[in-house]
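Numbering (my numbering), first residue to last: 254 to 527.
Using N, Cα and C, we set each Cβ at its ideal position, and we do this for glycine too.
No experiment lies behind these values; they were computed from the predicted model shown.
Here's the structure, in structure tokens; my notes come after.
See the structure below:
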């Protein structure tokens, strides 16, 4: 498998490291969430420091991000918390800066490098800027999906069907059956907690799951807010009749590659300020 199965890790337990992303973002620090060893595609937590500045210029790969905290300027655009963009290879967003620093989820479709001129790009795959607070919720998107959740659609790739979205769920919502999806599913938990078959996820929990792996069922006492991505097409769901039953406060038994074993940690019943 080109990318490791991670289900799940609390990103707080991964160490920050200095990494200027190939000279593109001087001063950045990162947490590597996952990486495809064949293509160089990566999923990262990134901090740009106070006073950060990077010159403009198109990349040779797609760049997708969601702001978690702070403010990022790119050209004439200002991104606050839950600010989102999907910039296809060849798109020049202009100089980037942050006066007070910013933390974001950042995804590259390959090893990030500059693209030479002329830098053409696929305009159908461009989302210059969205505000996640203003994107409307849509209702039930699967006839068997348990009620009590809504989705804010951020991006659908017109070529592949790959999709990125925010999912919000109500408190005391839980599902009875596990699921399978025919595509890669990737998630970062923005708020709330989730009780599932691998343990209790807190804000900052991350997973990257290969296609067709049974998972769940899930529930939440608090309600929650997730950021999801699929790779390999749009999300479709098969609900599974299984002996796996939903339980509150399951034990933590993750699926982790060797590099993340030190970040295994423990889960706990009491709420924690992550």
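Task: Identity of the residues DSSP links to residue 267 by a beta bridge - done: Here residue 267 is taken as the residue at index 14 of the chain shown, counted from 1. Its beta-bridge partners do not exist; DSSP assigns none.
Open item on the list: Between the alpha carbons of residue 333 and residue 383, how many angstroms are there, rounded?
Closed with: Stepping through the chain shown from its first residue, residue 333 is reached at position 80. Stepping through the chain shown from its first residue, residue 383 is reached at position 130. Going from the Cα of residue 333 to the Cα of residue 383 covers about 10 Å.
Task: residue 458, buried or exposed, once every other Cβ within 10 Å from all chains shown has been counted against 16 - done: On the chain shown, residue 458 is found 205 positions in, with the first residue counted as 1. Label assigned to residue 458: buried.
TODO: Report the three-state DSSP secondary structure of residue 523 (helix, strand or coil).
DONE: Locating residue 523 in the chain shown gives position 270, where the first residue counts as 1. For residue 523, the predicted structure reports a pLDDT of 43, less than 50, and the residue's modelled location is therefore unreliable. The matter cannot be settled from this model.
Task: Supposed close pair residue 256, residue 287 - CB separation, criterion 8 Å - done: For this step, residue 256 is matched to residue 3 along the chain shown. For this step, residue 287 is matched to residue 34 along the chain shown. Sure, about 6 Å apart at Cβ, within 8 Å.
Task: Stretch pair the region 300–311 + the region 344–358: three plus CB contacts closer than 8 Å - done: yes
Open item on the list: So residue 443 and residue 478 are supposed to be a Cβ contact under 8 Å. How far apart are they, rounded?
Closed with: Residue 443 sits at position 190 when you count from the first residue of the chain shown. Residue 478 sits at position 225 when you count from the first residue of the chain shown. Rounded, the Cβ-Cβ distance is 4 Å, consistent with contact.
Task: Contact the region 420–436 vs the region 456–471: 3+ CB pairs below 8 Å - done: yes
Task: Residues of its chain near residue 508, where Cβ-Cβ distance is below 6 Å and the 5 sequence neighbours each way are ignored - done: By one-based count along the chain shown, residue 508 stands at place 255. Once the five neighbours on either side are set aside, the close Cβ partners of residue 508 are 258, 260.
Open item on the list: Is there a Cβ of chain B sitting closer than 8 Å to that of residue 471, yes or no?
Closed with: Of the chains in the structure shown, none is chain B; there is only one protein chain.
Task: Residue range of the unbroken beta strand (DSSP E) whose run includes residue 284 - done: Along the chain shown, read from residue 1 onward, the residue named residue 284 stands at position 31. It spans 282–288 - the beta strand (DSSP E) in which residue 284 sits, taken as one unbroken run.
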